[in-house]
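Each residue of the sequence shown is one higher than the last, beginning at 59 in our numbering.
In what follows, a structure is listed as structure tokens, so that the remarks can point back to it.
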Amino acid sequence: MFLFSLSFAFSACGRGFYKSSSQDLQCSRCPTHSFSDKEGSSRCDCEDGYYRAPSDPPYVACTRPPSAPQNLIFNINQTTVSLEWSPPADNGGRNDVTYRILCKRCSWEQGECVPCGSNIGYMPQQTGLEDNQVTVMDLLAHAN
59 MFLFSLSFAF SACGRGFYKS SSQDLQCSRC PTHSFSDKEG SSRCDCEDGY
109 YRAPSDPPYV ACTRPPSAPQ NLIFNINQTT VSLEWSPPAD NGGRNDVTYR
159 ILCKRCSWEQ GECVPCGSNI GYMPQQTGLE DNQVTVMDLL AHAN
């Protein structure tokens, strides 16, 4: 007859460290711009003003939002607007900056703006733009 005895000692991670899974044997230091302020943390929270994208794993550093794009150039031609811009001066520490184009129709009298609607076309696309240019088509022509 054989008798086996197994014993495991699990220790909680201290402040500034985490284990994202109970199967992790060692504690990991919180990534840059994140913290854990209690023992036994399973994740590190981002410092104020820093964030993680939903697709970022817990071991990735927290980053800031990028600054605004620069040097906007536009060309209006009847019902089409071509836009081109330079990347942000500060990408916030990210290498996956994409752009989203919003079109709004504004009333001069009331100062209100509403979305342009679903009839507007975007070339190459409206969201997830990796390039720094877009053409917005099928706009309503307006003259005062």
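Backbone N, C-alpha and C fix where the C-beta goes; we use that ideal spot for every residue, glycine too.
Output yes if chain C places a C-beta closer than 7 Å to the C-beta of residue i; else output no.
| i | result |
| --- | --- |
| LEU141 | Given the protein chain composition of this structure (a single chain), no chain C is represented. |
Please go through the same chain and pick out, in chain order, the residues whose beta-carbon is closer than 7 Å to the beta-carbon of residue i, but skip the five residues on each side of it.
| i | result |
| --- | --- |
| GLY72 | GLU97 |
| TYR180 | ILE159, VAL192 and VAL194 |
| GLY74 | ARG87, CYS88, PHE93 and SER94 |
Go ahead and label residue i buried or exposed: buried means 16 or more other beta carbons lie within 10 angstroms of its beta carbon, across all protein chains shown.
| i | result |
| --- | --- |
| LYS77 | buried |
| CYS88 | buried |
| SER94 | buried |
Note down, in chain order, each residue of its chain lying with its Cβ closer than 6 Å to the Cβ of residue i, except the 5 sequence neighbours on either side.
| i | result |
| --- | --- |
| THR90 | ALA119 |
| ARG163 | VAL172 and CYS174 |
| PRO116 | SER78 and ARG101 |
| CYS85 | CYS71, PHE75 and LYS77 |
How many Å lie between residue i and residue j at the Cα?
| i | j | result |
| --- | --- | --- |
| LEU187 | GLN128 | 16 Å |
| PHE66 | LEU83 | Its pLDDT being 49, under 50, PHE66 is placed unreliably by the model, and the measurement read from it follows with that caveat. Each residue's alpha carbon lies about 11 Å from the other. |
| CYS161 | ALA147 | 24 Å |
| CYS174 | SER99 | 46 Å |
| ASN153 | ASN133 | 29 Å |
| SER125 | GLN168 | 30 Å |
| MET105 | ASN135 | Looking at the sequence shown, residue 105 is not Met but Glu. C-alpha separation (whole angstroms): 46 Å. |
| ILE131 | LEU141 | 6 Å |
| ALA70 | SER79 | 12 Å |
| CYS102 | VAL155 | 23 Å |
| SER113 | ILE178 | 29 Å |
Figure out for me which residue from the options has the closest Cα to the Cα of residue i.
| i | options | result |
| --- | --- | --- |
| VAL139 | GLY74, SER69 and LEU198 | LEU198 |
| TYR157 | GLN183, GLU170, GLY150 and THR137 | GLN183 |
| TRP143 | ASN190, ALA70, PRO115 and SER79 | ASN190 |
| SER176 | GLU170, TRP166 and ASP196 | ASP196 |
| ARG110 | GLN81, THR137, GLY150 and THR185 | GLY150 |
Does at least one heavy atom of the ligand NAD sit under 6 Å from the Cβ of residue i?
| i | result |
| --- | --- |
| GLU142 | Only the bare structure without any ligand can be found here, which leaves the ligand NAD out of the picture. |
Might you give, ordered along the chain, the residues of its own chain that have their beta carbon closer than 8 Å to the beta carbon of residue i, omitting 5 neighbours on each side?
| i | result |
| --- | --- |
| TYR108 | HIS91, SER92, CYS120, THR121 and ARG122 |
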